[in-house]
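Q: One structure follows; several queries about it will come next.
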Amino acid sequence: MATSRNWSGSTKEHSNFARLCRLLIDGGTLVVKDVFDSIHPPKSLQGILHNPSVHNTLKHLRNKRVLNTHQWNKLYPSIKSSVTSSSFDITLLIVLLRNICSLTPPATGWDKPPVAADTSREADLARIKLYRNELYGHITSTSISDGDYEKYWNEIEALLSRLSASRYQEDIKRLKVETMEPEDEKHFVKAIEEWEKMEQTIISKLEEIKNMLKSTFIADDSRCKDYTKKLKSSINNQTDFQPGLKKNKRIRTDDIFTNVTIRRGQKPLKKQLPKGGIGKTGIVDEGEGEDDGKDDEGDKKAQNSSAYGHSVLKKCSELFTFPVDSDDQVHKTCPKSILVTGQAGIGKTLFCQKLVRDWANDRLFEDEEMRTHPDFQFVFLLTFRQLSLLGQEKFSLLELLNRSSLLNEQSNMDDAVFENLLQNPEKLLLIIDGYDEYLHDGEVTGDSEMKYPNNPREKMPVSVVVAKLLKGKMLQNSVVMITSRPGNKIHDLRGNFDVQVEVTGFSSRQVLEFVEKYFKDNESMKKTVLNHFHQHEGVLEFVHVPVICLLMCYFLEWHLIHSETPVQLPVTRTDLYHEVTKVFIRKHHLHLKYAKKEQAERAVEETLRELAKLAAKLLEKRKYIFDEEDLSQLKFDKKEMDSLKTSGVLYCCPGTRKSPFAEVSHEYAFIHLTVQEYLAAYCFVEKRQIPKNGRDVVLQFMSGLIGMKRDEELMAELLSSMISEEGIEALLIANCLYEYKDTDGVKRFIIYLFDFSCNAGLFSFDNITDANSVNSVTFVLDVITSLHKEQLQCSQPCDTQPFNVETFSISNSLLTAMGVRRITRSLTNVWCTVTSLYLLECDLKDDCVGAIADLLVSGKLFDLNLNSNHITDEGVPSISKSLKSENCKLTRLNLCENEITDKGVPSICESLTNENCKLAFLNLGDNGITDKGVPNISESLINKNCKLTILFLCGNEITDKGVPSICESLINEDCKLTFLNLHDNQITDEGVISICKSLTNENCKLTSLYLSANKITDKGVHSICKSLTNRNCKLTTLYLGENKITDKGVHSITESLRSENCKLTSLHLDNYGITDDGIISICEWLTNENCKLTSLNFMRCEFTDKGITNIYQSVIHENCKLSELWLSINRIPASGFSLEGLIKEKKPHFNLHLAF
1 MATSRNWSGS TKEHSNFARL CRLLIDGGTL VVKDVFDSIH PPKSLQGILH
51 NPSVHNTLKH LRNKRVLNTH QWNKLYPSIK SSVTSSSFDI TLLIVLLRNI
101 CSLTPPATGW DKPPVAADTS READLARIKL YRNELYGHIT STSISDGDYE
151 KYWNEIEALL SRLSASRYQE DIKRLKVETM EPEDEKHFVK AIEEWEKMEQ
201 TIISKLEEIK NMLKSTFIAD DSRCKDYTKK LKSSINNQTD FQPGLKKNKR
251 IRTDDIFTNV TIRRGQKPLK KQLPKGGIGK TGIVDEGEGE DDGKDDEGDK
301 KAQNSSAYGH SVLKKCSELF TFPVDSDDQV HKTCPKSILV TGQAGIGKTL
351 FCQKLVRDWA NDRLFEDEEM RTHPDFQFVF LLTFRQLSLL GQEKFSLLEL
401 LNRSSLLNEQ SNMDDAVFEN LLQNPEKLLL IIDGYDEYLH DGEVTGDSEM
451 KYPNNPREKM PVSVVVAKLL KGKMLQNSVV MITSRPGNKI HDLRGNFDVQ
501 VEVTGFSSRQ VLEFVEKYFK DNESMKKTVL NHFHQHEGVL EFVHVPVICL
551 LMCYFLEWHL IHSETPVQLP VTRTDLYHEV TKVFIRKHHL HLKYAKKEQA
601 ERAVEETLRE LAKLAAKLLE KRKYIFDEED LSQLKFDKKE MDSLKTSGVL
651 YCCPGTRKSP FAEVSHEYAF IHLTVQEYLA AYCFVEKRQI PKNGRDVVLQ
701 FMSGLIGMKR DEELMAELLS SMISEEGIEA LLIANCLYEY KDTDGVKRFI
751 IYLFDFSCNA GLFSFDNITD ANSVNSVTFV LDVITSLHKE QLQCSQPCDT
801 QPFNVETFSI SNSLLTAMGV RRITRSLTNV WCTVTSLYLL ECDLKDDCVG
851 AIADLLVSGK LFDLNLNSNH ITDEGVPSIS KSLKSENCKL TRLNLCENEI
901 TDKGVPSICE SLTNENCKLA FLNLGDNGIT DKGVPNISES LINKNCKLTI
951 LFLCGNEITD KGVPSICESL INEDCKLTFL NLHDNQITDE GVISICKSLT
1001 NENCKLTSLY LSANKITDKG VHSICKSLTN RNCKLTTLYL GENKITDKGV
1051 HSITESLRSE NCKLTSLHLD NYGITDDGII SICEWLTNEN CKLTSLNFMR
1101 CEFTDKGITN IYQSVIHENC KLSELWLSIN RIPASGFSLE GLIKEKKPHF
1151 NLHLAF
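For the sequence shown, full-length UniProt numbering gives the first residue as 1, with consecutive numbering after it.
Structural data, given as structure tokens:
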């Protein structure tokens, strides 16, 4: 195709060429459009294009890029009815005629000249393209002689006349003599070029299809087994050794690997309550609220896919199977997408290598005979570091797999084996390590992958392949595992995973096991280091992160060999990396061993600065693998460079294979990413620069280094970068303050930060997954306590705010017994002001309860919330014993969503009847309590010493059989209950009768009753309504949602509301069986001056515009006292979406809650 032409001084031959182009384009478009319209008339075009078969055909053509985006938008505009063939160009019309018009190709086909005698419609349509090809043959000169011009014109004119039945004869004659401007000539020549380009695209795609058909030769099982054998051999060889910290000493993976603790992902709290709300979590803020803690369908779906709680995996193989008691396991399915998260240095990369190594040695599923597990025949390990180096170059999946650094030339996968894989995708395990390091993560989370087909044979950008694999659009039955540090980068992808697990590092036992392996060749040194670890408090917690444990061993080994002074153990991450990095550099400068101290230290500092500059520059580019060219930026001579490469700070790592048959290039990386992050932090501090979008680990290292310099101005700037309009990064700030260490300086920062971090006396953190973060938050709490003490002891009036923290909350975290003891130690400080402790979903087990029980006896707490943990009947006695202590002041206890059964109930009840027990609030919801445990609870309620006024028994297994026992206690004059939650049990209309009898007894004090999510029908509602009209009934709040109530039951409720004895102000009727009829009956009563309702819940109810109108009219009525209303977005008509604005115009303070 010509790239340039001379259009100046257009000649007659140029005009001839342009006129023919115009005839073919303009005339051809008119004629071809008529042919198309005769097959698919304009009136029926919209319906034809949306026919599933036609739509799929065109979608396939779009995916193959036969149709471009512009043409697709013409076919499927945003306004469906606006589609018209008049906007179609000739290339689009030709494609449509060939693909959706059921035309029979001429005998010679669409792409060869028809025989002269064939003047059929199909033959003439084929000739249009052939004449286009004739004209395109002149494109380089853009000129045609007069003789050829007349010949072509007459032939094309005759062709168009036949197709149009001479309809455009006059128009064609006009085109032949009409003057053409030079710009018009350019336009039509360009149109011919674009037409040709479209045709070449079609030919190219057909060629691809032919190649695809050729590749349908699939390797047989024998050949695939042979390939698997080669793949396992290659993986074994490539993962045999780990990069060493010591010169000339290679570490075998199997010798050093120590199992890490892996927990299944965290399950969400059942309900996040609004301020003032009260539900199954038992959170009460400003009195009784309006939420019964129910799970809607979305909540249940999220809960079911959450990853089954915090159970610890006993073996790596459990990653690939669902828990035995899960629905997925029952149905013999396995997870297809797995997310492995863990903080920096926790061991994710080594875990991935060990996992593929176990597969290669047939150890992965050796003990899984009794459970369903995948049978992997193809296992590949890639890293996002390597994928970043590929940029946005296009690859097929096969090409990408063959670039794994664990492959050798013998283990490259060929087309035939790849086809077998495509036919059996369930046999593939693909692991991609380090998503947080990926340079193109934005392309993965976005929708750019939609531009490409889901065909694994197609070439597409690397990020597109990754996105399609993660989103299950490519090889749906394969297993894809991703590792990442936690954080915002991975957050947007969490919904794509079947299973989420977290690597939490070493337990204390695993730390000691690692030390023994590290020093296995030096018994004396091993004993010395183990003694160090045992003697220094908190060191076992500090080194639970594997890379920190490794560096600590390395640091101690160096000092025990090279230093005569007693070793001082580092206590923070910054301290350790600061010391270890200096050791690395001293090894680099061994030639200065006998130099003067000042000279040696100066050389170390110069080297440190050079490495720090390189680390920072690479980190800002998000580059974690680099080559000799990058290293050449260091101002080192060859001898120094060689020394640096063996110092331990760098290691030679496998890069990305440039092609399937190329040797793996040797590239470099810092011994661990955290070492690069420390060095980068050093550079930023030296330059007094706060990095934009700084990684959390870098900011923590910077804080420690700033603390060494006592640069409070820079530290204040760093902390300010963590505060935005969206909120404060509380845990990150706590970690940074802990690294900073200077207590006096931290006090000054806390004075500035207190308003941000302690909202209304609440000091709250979440996602704490390591002991070091526990140390950080308790360190900050201790500093706040110290400030409070100083205020109270100050003889002069203080100009600062009171430093009172009333509630200390940690949620969605992983706490050990050691971590809980660290927390309780801070809380027992005599000057600590915390009276409420919330440890929500923190993976607490029975071994954590002892420290909590000791805290209760100290008399510091009034409110304890242990919602969503793993406390069992074995842990309950410790708490119960504390409740009976005269020093215990606890009035609120939440044990919701633990593992307490009927066996643990007597112990709790025994404490309730003790005269020293002060509990007024008890939540035992979502445990395993049945009718058998209810009598113990009922007996305690009628004891004079029992002070309970609020009781949660929701989400248990209580039936009609257990209800009478509760009801008997309610009518006892010594029972003080005003609030009872029986949500989500198995109570039917029969049980309701017993409840109603107690409600009408003058001794019953209940004002709030939750009966939602049971098995109550209109019959049971009728019984309740009779009670509501009794003058002894004191109920003001009633929850009846998620039962089997219809409009008939609502009419009964409306009648009871009309009674002057009815005291209800809050009514929840969220049921699917309620329609306009029931809603209108209540709405009519809302406008009556005697109606007392202030809160009403119509979630899940089905209604139309008529219902919406009635709701609006009743809510704005002057007599209506309603201030809150709940509606389901997916259950109301479109008119409901404007309801809030309309109500606000009349009642600005009205609260309308629209939710799913």
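For each residue, glycine too, the CB sits at the ideal point set by N, CA and C.
Note that this is a predicted model, so its numbers are computed, not measured.
Tell me which residues share the same chain as residue 123 and place their Cβ nearer than 7 Å to its Cβ, disregarding the 5 neighbours each side in the sequence.
A: 106, 114
Q: Which class does residue 89 belong to by DSSP, given the choice of helix, strand or coil?
A: coil
Q: Within the continuous alpha helix (DSSP H) that includes residue 1093, where are the two ends?
A: First-last for residue 1093: undefined, no H or E at that position.
Q: Leaving out the 5 sequence neighbours to the left and right, which residues in its chain are closer than 8 Å to residue 558 when beta-carbon positions are compared?
A: 583
Q: To which residues of the same chain is residue 104 closer than 8 Å at the C-beta, ignoring the five residues directly before and after it?
A: Taking C-beta separations shorter than 8 Å and ignoring five residues to either side along the sequence, the partners of residue 104 in its chain run 122, following chain order.
Q: Count the other CB atoms, across all protein chains shown, that sit within 10 Å of the CB of residue 377; report buried if there are 16 or more and exposed otherwise.
A: buried
Q: Ordered along the chain, which non-local residues of its own chain (more than five positions away) have a Cβ less than 6 Å from that of residue 429?
A: 376, 379, 479
Q: Where does the unbroken alpha helix (DSSP H) through residue 255 begin, and where does it stop?
A: Element bounds for residue 255: 253-256.
Q: Going by beta-carbon coordinates alone, are residue 702 and residue 679 separated by less than 9 Å?
A: No, these two residues do not count as a Cβ contact at 9 Å.
Q: List the whole-angstrom C-beta distance separating residue 839 from residue 815, where the pair is believed to meet the contact cut-off of C-beta under 8 Å.
A: 7 Å
Q: With DSSP as the reference, label residue 461 as helix, strand or coil.
A: strand
Q: In terms of residue numbering, what span does the alpha helix (DSSP H) encompassing residue 1010 cover?
A: Segment 1008-1010 is the beta strand (DSSP E) holding residue 1010; no alpha helix (DSSP H) there.
Q: By the 10 Å Cβ neighbour count, where 16 or more other Cβ atoms means buried, how is residue 335 classified, buried or exposed?
A: buried
Q: Can you tell me where the alpha helix (DSSP H) with residue 1157 in it begins and where it stops?
A: Here the chain comprises residues numbered 1 to 1156, so residue 1157 is not present and cannot be evaluated.
Q: State the DSSP-derived secondary structure class of residue 117, mapped to helix, strand or coil.
A: The answer is coil: DSSP assigns residue 117 none of H, G, I, E or B.
Q: Helix or strand or just coil, what does DSSP make of residue 870?
A: coil
Q: Of all the CB atoms in chain C, is at least one closer than 9 Å to the CB of residue 645?
A: Of the chains in the structure shown, none is chain C; there is only one protein chain.
Q: At a cut of 8 Å, does the stretch 530-538 reach the stretch 494-503 through at least three beta carbon pairs?
A: no
Q: Measuring CA to CA, which of 914, 887, 837 is closest to residue 893?
A: 837
Q: Report yes if the CB atom of residue 1069 is closer than 9 Å to the CB atom of residue 1033, and no otherwise.
A: no
Q: For residue 1126, does the three-state DSSP call read helix, strand or coil?
A: strand
Q: Are residue 234 and residue 411 touching if we call contact CB-CB under 9 Å?
A: Yes.
Q: Is the distance from the Cβ of residue 674 to the Cβ of residue 820 below 9 Å?
A: No.
Q: In chain order, which alpha helix (DSSP H) runs of at least 4 residues are fully inside the stretch 746-816?
A: 771-793
Q: Mark residue 147 as exposed unless 16 or more other C-beta atoms lie within 10 angstroms of its C-beta, in which case mark it buried.
A: exposed
Q: Per DSSP, residue 863 forms a beta bridge with which residues?
A: 836, 892
Q: Below 7 Å CB to CB, which residues in the same chain sit around residue 705 once its five sequence neighbours on both sides are set aside?
A: 574, 681, 682, 685
Q: Looking only at C-alpha atoms, which of 967, 1013, 887, 92 sits nearest to residue 32?
A: Ranked by Cα distance from residue 32, the options 967, 1013, 887, 92 are led by 92.
Q: According to DSSP, simplified to helix, strand and coil, what is residue 21?
A: helix
Q: Exposed or buried, what is residue 51 when buried is set at 16 or more other beta-carbons lying within 10 Å of its beta-carbon?
A: exposed
Q: Quick check on residue 952: does DSSP put it in helix, strand or coil?
A: strand
Q: Anyone know if the C-beta pair for residue 393 and residue 461 falls short of 9 Å?
A: yes
Q: What is the DSSP secondary structure of residue 381, reduced to helix, strand or coil?
A: Strand at residue 381.
Q: Taking only runs of the beta strand (DSSP E) that begin and end inside the stretch 1009-1053, which ones reach a length of at least 3 residues, in chain order?
A: 1037-1039
Q: Quick check: the Cα distance between residue 320 and residue 586, rounded to an integer number of angstroms?
A: 45 Å
Q: Only counting the same chain, and skipping five residues up and downstream in sequence, which positions put a Cβ closer than 7 Å to that of residue 39?
A: 101
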